[in-house]
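Novice:
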Amino acid sequence: MHKCAYSHIDFSMHYFIQLMKALSDETRLRIFNLLLERECCVCEVMQALDISQSRASRNLGILQNAGLLKTRRDGLWVLYSIDWQTANRHATHLARWLQEQPIKNETLNRDRRRLKLARRIGPGCAPAQKGKSHG
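Note that the sequence shown ends on residue 1356 in this note's numbering; no numbers are left out.
#1: Start and end of the alpha helix (DSSP H) containing Asp-1332?
#2: Apply the 10 Å Cβ neighbour rule to Trp-1298 and answer buried if 16 or more other Cβ atoms are within range, or exposed otherwise.
#3: Compute the Euclidean distance between the alpha carbons of His-1229 and Tyr-1236, then round it to the nearest angstrom.
#4: Threshold first: 3 residues or longer. Then list the beta strand (DSSP E) segments lying entirely within the region 1288 to 1323, N to C.
#5: With which residues is Cys-1264 paired in a DSSP beta bridge?
#6: Can you tell me whether Leu-1315 is buried or exposed? The criterion is at least 16 other CB atoms within 10 Å of its CB, across all chains shown.
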């Protein structure tokens, strides 16, 4: 019989471990930081972080599977936002910390500035900048 590796840990500890795994990646932490500003579609995340569509989608999915994000449809777009109802108090503490970091962290500052310039255009995602390699 297979035994779950987390069977000795209560639900809140298991949740916290999943939360920390989801946020232990720089790209996902940067995405979470953007979503503190406002809801975003994949193309806006691509533009703000200068990453490929597949990388943005994959990391948004990991954050959503960890219970941190929710989605809603707006015409052709799927918009992602922080799901405060299920993200519980651990994410709230993280959000407070991140909101203080832009003062100290140039990468987070740059991401937020670029998000302000990102926009949804046409029927599809925003185009990648010419000459930029994504990945």
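We treat Cβ as the ideally placed atom computed from N, Cα and C, and that holds for glycine.
Remember, it's a predicted structure, so these values are computed and weren't measured experimentally.
Specialist: Once the coordinates are examined:
#1: Per DSSP, Asp-1332 belongs to the alpha helix (DSSP H) from 1327 to 1338.
#2: In this structure Trp-1298 is buried. Its beta-carbon is surrounded by 16 or more other beta-carbon atoms within 10 angstroms.
#3: Any answer about His-1229 is weak, because its pLDDT of 48 lies below 50 and its placement is not dependable; what the coordinates show is given next. Spanning the two alpha carbons is a distance of roughly 13 Å.
#4: Fully enclosed beta strand (DSSP E) runs of no fewer than 3 residues occupy 1290 to 1295, 1298 to 1303 of the region 1288 to 1323, in order along the chain.
#5: BP columns for Cys-1264 are empty, so no partner.
#6: Buried is the call here.
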